[in-house]
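Q: Protein chains in written order, with this note's numbering: chain A, 1 to 352; chain B, 353 to 422.
1) In chain order, what residues of the same chain lie with their CB nearer than 8 Å to the CB of residue 364 (chain B), ignoring the 5 residues before and after it?
2) With DSSP as the reference, please indicate the residues paired to residue 55 (chain A) in a beta bridge.
3) Given this structure, state the Cα-to-Cα distance separating residue 273 (chain A) from residue 245 (chain A), to the nearest angstrom.
4) Which residues, taken in chain order from the segment 327 to 352 of chain A, show a beta carbon closer than 7 Å to some beta carbon of chain B?
5) Is there at least one Cβ from chain B nearer than 8 Å to residue 244 (chain A)'s Cβ?
6) Give the interface partners of residue 378 (chain B) over in chain C, defined as CB-CB distance under 9 Å, in chain order.
7) Just confirm the distance between the C-beta atoms of residue 49 (chain A) and residue 62 (chain A), as a whole number of angstroms; I'd bet it's less than 8 Å.
8) Counting only beta-carbon separations shorter than 8 Å, does residue 93 (chain A) have a partner in chain B?
9) Which residues in chain B have a C-beta closer than 8 Å to the C-beta of residue 355 (chain A)? List them in chain order.
10) Are the beta-carbon atoms of residue 237 (chain A) and residue 332 (chain A) separated by less than 8 Å?
11) How many Å lie between residue 357 (chain B) and residue 107 (chain A) at the Cα?
12) Could you check whether the Cβ of residue 384 (chain B) sits closer than 8 Å to any Cβ belonging to chain A?
13) Tell me, please, whether the CB atom of residue 104 (chain A) is closer than 8 Å to any CB atom in chain B?
14) Measure the C-alpha to C-alpha separation of residue 315 (chain A) and residue 175 (chain A) and round it to an integer number of angstroms.
15) Below 8 Å on the Cβ atoms is my guess for residue 30 (chain A) versus residue 89 (chain A); work out the distance and round it to an integer in Å.
16) Taking a contact to mean a Cβ-Cβ separation below 8 Å, would you say residue 300 (chain A) touches residue 309 (chain A) in this structure?
17) Listing by chain order, which chain A residues have their CB less than 8 Å from the CB of residue 374 (chain B)?
18) Quick one: is residue 375 (chain B) buried, meaning 16 or more other Cβ sit within 10 Å of its Cβ, or exposed?
19) Would you say residue 203 (chain A) and residue 91 (chain A) are within 8 Å of each other, going by their C-beta atoms?
20) Verify the CB distance criterion: does residue 395 (chain B) have a CB-CB separation below 8 Å to chain A?
21) What residues match up with residue 327 (chain A) in a beta bridge as DSSP calls it?
22) Between residue 45 (chain A) and residue 326 (chain A), how many whole angstroms is the CB-CB distance? I'm expecting something under 8 Å.
23) Thinking C-alpha only, which one of A:21, A:200, A:182, A:13 is nearest residue 323 (chain A)?
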């Protein structure tokens, strides 16, 4: 079924007033999704406009290619960004991502998009200076489009089906690329089973970001201070056995690599060093951990050393950012697993 | 569950009432019975929570009976 069209005046202020009144915006002005703009975007997909990519909880709206394109236009995306958003929509709808809980929870979880592969250069997605901040058109508008898709198609409107207690700024937009050329290891998408020449988007249910500044030049010491920063007794990850993420500064990655560490060894060491005695949890959280992790630990007592993730391989990291000694810890929702989806490059490969 | 002929209702707290109604509606079960309990539980004593639960049982039985799905 095609999206409904309506005629309105050509006055941008009036159009934005209409979108505001109908609750179709994220609180910021939108780009009007005119028939012409949506058509330009649809030219970047071989799928029919009415093709249903997924039904998105919590409202179970049908995310058609056209609906995704409309929200992408509203967010200010360039037409060639559409294949990324089609892939991201498929990814969030995967059962293991648990979008129902991610959207309807009181937790501030935001959907973080991570881009890998040739698409990063082609569409100038920022993986360097300030890659989690402002300034890059692709990063800003792609993350925003994802939010509008979840809100307008999935029905996750704040205070209605989106029950976040406070939410977080990343719910406006959260998107970056991996700085693959500065990484000492295989990039994320290769680690997750794709070829280096393929382009992918990975979705992560991110609880927030914590900056970890260290001038350490020694790999073991660096991992120790990272791990100690990751430990916090109010974390969902210790309750459920989570999937914590790091955005590793290229300088930090170089030091870890110079220390002779593989990716798997970095994860193993972080997993060991970030264990926390269960007694540090509140009584209520200890009960939650007992309910959630009994299969893993059996009876959990105050002296049980809880790991942040069920397995070291559940700790993930990308290398991104510019020069500097800042690595970012991205604690995650806990009851969600990241999903990586291949991006259809058919139309993008025809671009100069 | 109710589409499969099984007894079904949702129990939630007042903070999630609008979510419960909206989701039931989105899934084509606008009339799905909801049992609403006061929010939050965090500051209540165990006896208070038990009293709420006991009060709730009558409502659950009533709603299940009304739905003809006992």
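Ideal Cβ positions, reconstructed from N, Cα and C, are used throughout, including at glycine.
A: Reading from the atomic positions:
1) As a first step, residue 364 (chain B) is located in the second chain; it is residue number 12 there, counting from the start. Same-chain partners within the cutoff: 371, 372, 386, 387, 388, 389.
2) Position 55 of the first chain holds residue 55 (chain A). Answer by DSSP bridge pairing, in chain order: A:62.
3) To locate residue 273 (chain A), count along the first chain from 1; it is residue 273. To locate residue 245 (chain A), count along the first chain from 1; it is residue 245. C-alpha separation (whole angstroms): 15 Å.
4) none
5) Sequence index remark: in the first chain, residue 244 (chain A) carries index 244 (1-based). Not an interface residue.
6) In the structure shown, chain C does not exist; the protein chains are A and B.
7) Working through the first chain from its first residue, we reach residue 49 (chain A) at position 49. Working through the first chain from its first residue, we reach residue 62 (chain A) at position 62. Their Cβ separation, rounded to whole angstroms, is 12 Å, which puts residue 49 (chain A) and residue 62 (chain A) out of contact at 8 Å.
8) Taking the first residue of the first chain as position 1, residue 93 (chain A) is located at position 93. By this cut-off, residue 93 (chain A) is not an interface position.
9) The requested residue 355 (chain A) is not part of the displayed model; chain A covers only 1 to 352.
10) For the purposes of this step, residue 237 (chain A) is taken as residue 237 along the first chain, with counting starting at 1. For the purposes of this step, residue 332 (chain A) is taken as residue 332 along the first chain, with counting starting at 1. Yes, the Cβ-Cβ distance between residue 237 (chain A) and residue 332 (chain A) is below 8 Å.
11) Within the second chain, residue 357 (chain B) is the residue found at index 5, counting from 1. Within the first chain, residue 107 (chain A) is the residue found at index 107, counting from 1. Answer to the nearest angstrom: the Cα atoms are 34 Å apart.
12) Position 32 of the second chain, counting from 1, holds the residue named residue 384 (chain B). Answer no: the Cβ-Cβ gap between residue 384 (chain B) and chain A never drops below 8 Å.
13) By 1-based counting over the first chain, the position of residue 104 (chain A) is 104. Output row for residue 104 (chain A): interface = yes.
14) As a working mapping, residue 315 (chain A) is identified with position 315 in the first chain. As a working mapping, residue 175 (chain A) is identified with position 175 in the first chain. Whole-angstrom Cα-Cα distance: 19 Å.
15) Reading the first chain from its first residue, position 30 is the one you call residue 30 (chain A). Reading the first chain from its first residue, position 89 is the one you call residue 89 (chain A). At roughly 19 Å, the Cβ-Cβ gap does not stay under 8 Å, so residue 30 (chain A) and residue 89 (chain A) are not in contact.
16) Your numbering for residue 300 (chain A) matches position 300 in the first chain. Your numbering for residue 309 (chain A) matches position 309 in the first chain. Contact: no.
17) Taking the first residue of the second chain as position 1, residue 374 (chain B) is located at position 22. Against chain A, a Cβ distance below 8 Å from residue 374 (chain B) picks out 58, 59, 155, 160, 161.
18) Along the second chain, one-based indexing puts residue 375 (chain B) at 23. Result: buried.
19) Within the first chain, the letter at position 203 stands for residue 203 (chain A). Within the first chain, the letter at position 91 stands for residue 91 (chain A). The answer is yes: Cβ separation under 8 Å.
20) Locating residue 395 (chain B) in the second chain gives position 43, counting from the first residue. For residue 395 (chain B), the answer is no, since every Cβ of chain A falls outside 8 Å of its Cβ.
21) Along the first chain, one-based indexing puts residue 327 (chain A) at 327. Answer by DSSP bridge pairing, in chain order: A:212.
22) On the first chain, residue 45 (chain A) is found 45 positions in, with the first residue counted as 1. On the first chain, residue 326 (chain A) is found 326 positions in, with the first residue counted as 1. No, residue 45 (chain A) and residue 326 (chain A) are not in contact; Cβ-Cβ is about 37 Å, not under 8 Å.
23) Your numbering for residue 323 (chain A) matches position 323 in the first chain. Of the listed residues, the one whose Cα sits closest to residue 323 (chain A) is A:182.
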